[in-house]
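Worksheet: the structure to be examined is printed underneath.
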Amino acid sequence: MFSIDKSLVPDHEGFGLAPYELYWRDLCPYLQSRGYLLRPRYQPGWEPSWKILNIGVLQAEDHIGLPLHATSSIDAVRVSDNKVVYLKKVRNTSLELELSRYFSSQDLRDDPRNHCVPLLDVIPHPTDPEVSFMVMPWLRLVDRPPFETVDNALDFGEQLLEGLTFMHEHGIAHRDCAFPNVMMDASILFPEGCHPVARDFLPDFSDEAPRLPRSAGRVTYYLIDFGISSRFSPDDSPRLVLGRDGIDDSVPELSANVPYDPFKTDVYIAGSLLRQLFLKKYSNMDVIDPLVASMTEANPDGRPTISQVLDAWRTIQQDASVIHRWRRLKPRNEFILEGIVREIISMVHSNRGFQETDYQFRVDGMDCPRTLESSRVTVMLAIEPSSTCSELVVQIQYAHGPPFCSG
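Take a look at the structure:
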């Protein structure tokens, strides 16, 4: 019927509970008493559904365990509103819990510039007084589903830089704002929801999850994981740190011996992330290249402040025409004909408003099936022998209507 990434399947015989999953199985009744329901796999007395229903193991929702890299956290459903949330085990004395509480305090949580992941609840451990569970929204990687338009990229950059500016204004440097420590709430794009681990599937794993294009609504991006962040009071001077921790090991100044400015480090890491997500992948995002270059200067003193970067980014947004902002992002390795066809499909999407429907490419006599949503489209490209762009003939024919355009 469909396949799933094998890395999501626990690596042990019979697809039963792995040793690290037993911890959550034992906590399941307590968490439910606090209003949080774990998946059937972690319920006491769980029996694999594939044995009861006599179906293939990989067809059963409850064969899906926890990702091996995230054994200190688990997905759950908040009983009060049926929302999927994320539980993370932390020490009560951890800076991450302290900062999460601070950013979710009444004075800060409603500030629209605050892009720190909200702390929805804190659950004390039932037997260990030194441990609690942070409850946060369930989020996705920022590029799954992929960015589609220039506007998507510019919006991501604005939210990222706005969130870091907000943190810096409150004397806090993130120090690890690299991929995947910036995530998104994309629930608006999945009207029927999706599975918290097998994220391209419905919550019950019965089929692939329907997905709207990113133009259907604005997603919200959040900074997560304040485990190595640094906090300073207004009177602290100089505001310097030591340490080589963090995901992005390309930061030039990282040192265990020579103090450095963590706020300038945030600027570098954010610039490196923007380069990774956009400049390296897409040919029509070069407008941000000079700004990203300044953010990633080898000498921290040569970098702008994060608020200066945000101002410059917003100038780029304001100067971009509406047409340019709504153009699709063009992969650098894209062939010319492929790009032309994708431009047409992008135009059809924006003008007809359909999402993912059945359509077909016809390029020089070759049929290339695709899968999209509400009607069937045939795209025919015919290039005259002299092969210039002005002589390209394009026709888009809908099964349920007249040609959209030809010329």
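For the sequence shown, the numbering used here assigns the number 1124 to the last residue and increments by one with no breaks.
Note that beta-carbon positions come from the ideal geometry of N, C-alpha and C, so glycine has one too.
Only a predicted model underlies this, so the values are computations on that prediction, with no experimental measurement involved.
Per-residue DSSP class, three states only, for V859: Looking at V859 - three-state DSSP - the assignment turns out to be coil, as it is neither helix nor strand.
If you reduce the DSSP assignment to three classes, tell me which class D827 lands in. It is coil, neither helix nor strand.
Reference G733, options Q749, W767, P746, closest by Cα: Residue nearest to G733 within the set Q749, W767, P746 is W767 (criterion: CA-CA distance).
Considering just the uninterrupted stretch of the beta strand (DSSP E) at F850, what are its terminal residues? Where F850 is concerned, the enclosing beta strand (DSSP E) stretches over 848-854.
Quick one: what's got a C-beta closer than 6 Å to T937's C-beta in the same chain, skipping five residues either side? D902.
If I'm right that P862 touches R935 with Cβ under 8 Å, what's the distance once you round it to whole angstroms? Under the criterion of beta carbons closer than 8 Å, P862 and R935 do not qualify as touching, at roughly 14 Å.
Alpha carbon to alpha carbon, how far is A787 from Y759? Give it in angstroms, no decimals. Spanning the two alpha carbons is a distance of roughly 16 Å.
Helix, strand or coil for V802? Go by DSSP, reduced to three states. When secondary structure is reduced to three states using DSSP, V802 falls in the strand class.
Check whether the stretch 826-837 touches the stretch 873-880, counting contact only when three or more Cβ pairs, one atom from each stretch, lie closer than 8 Å. Result yes; three or more Cβ-Cβ pairs closer than 8 Å.
Three-state secondary structure (DSSP) at H1000? His is not the amino acid found at residue 1000; the sequence shown has Ser there. Coil at S1000, not helix or strand.
Contact belief for D921 with E778 at Cβ below 8 Å, rounded distance in angstroms: Right, their Cβ atoms sit about 6 Å apart.
Measuring alpha carbon to alpha carbon, tell me which residue in K805, R1042, K1047 is nearest N869. Of the candidates K805, R1042, K1047, the one whose C-alpha sits nearest the C-alpha of N869 is R1042.
Do you know offhand how far E847's Cα is from K806's? Whole-angstrom Cα-Cα distance: 11 Å.
Shorter than 7 Å from the beta carbon of W1043 to some beta carbon of chain B? Among the protein chains of the structure shown there is no chain B, as only one such chain exists.
Curious, which full-length alpha helix (DSSP H) runs of at least 4 residues does the stretch 728-776 contain? Positions of the alpha helix (DSSP H) runs, each at least 4 residues long and wholly inside the stretch 728-776, are given as 736-750, 766-770 in order along the chain.
On the criterion of 16 or more Cβ atoms from any shown chain inside 10 Å, does K997 qualify as buried, or is it exposed? K997 should be labelled exposed.
Going by C-alpha to C-alpha distance, which of N799, N771, G888 sits closest to E909? When only C-alpha atoms are compared, the closest one is N799.
Just how far apart, CA to CA, sit S1123 and Q1035? Confidence in S1123 is poor, its pLDDT being 33 and thus under 50, which makes the residue's placement too unreliable to answer from.
Who are the Cβ neighbours of R1020 in its own chain at under 7 Å, not counting the five residues just before and after it? The residues are K981, V984, Y985, S1011, M1012, E1014.
Is it true that the CB of V859 sits closer than 7 Å to the CB of V899? A contact, by the Cβ cut-off of 7 Å.
Going by DSSP, what residues sit across from Y840 in a beta bridge? Checking the displayed sequence, the identity of residue 840 turns out to be Ile instead of Tyr. Answer is F850.
Secondary structure at A973, three-state DSSP: helix, strand or coil? Annotated three-state conformation of A973 is strand, per DSSP.
In or out: E1018 buried (at least 16 other Cβ within 10 Å) or exposed? The sequence shown places Asp at residue 1018, rather than the Glu named in the question. Flag for D1018 reads exposed.
Excluding sequence positions up to five away, which residues of its chain have a Cβ less than 6 Å from the Cβ of I772? Spatial neighbours of I772 in its own chain (CB-CB distance under 6 Å, excluding positions within 5 residues in sequence) are not present.
Go ahead and pull the three-state DSSP assignment for I704. Since the first and last residues shown for the chain are 718 and 1124, residue 704 lies out of range.
Enumerate in chain order the residues of its own chain whose CB-to-CB distance from D942 is below 8 Å, with the five nearest sequence positions on each side excluded. Result list for D942: E813, D893, N898, in chain order.
Does the distance from the CB of P843 to the CB of Y747 come in under 7 Å? Taking 7 Å as the Cβ cut-off, P843 and Y747 qualify as a contacting pair.
Starting from the Cα of E875, find the closest Cα among Y939, L755, L906, L770 and give me that residue. The candidate whose alpha carbon is nearest that of E875 is Y939.
Which ranges does the beta strand (DSSP E) cover as unbroken runs of at least 3 residues, wholly within the stretch 910-964, from first to last along the chain? 937-940, 958-960, all fully within the stretch 910-964.
Do A895 and L990 have their CB atoms nearer than 7 Å? Yes.
Nearest-angstrom Cα distance between V796 and R992? Taking the straight line from one Cα to the other gives about 40 Å.
Might you give, ordered along the chain, the residues of its own chain that have their beta carbon closer than 6 Å to the beta carbon of L825, omitting 5 neighbours on each side? Within the same chain, L825 has close Cβ partners N831.
Take T810 and list the residues in its own chain whose beta-carbon comes closer than 6 Å to its own, dropping the five residues that flank it on each side. Excluding residues within five positions, none has a Cβ falling inside 6 Å.
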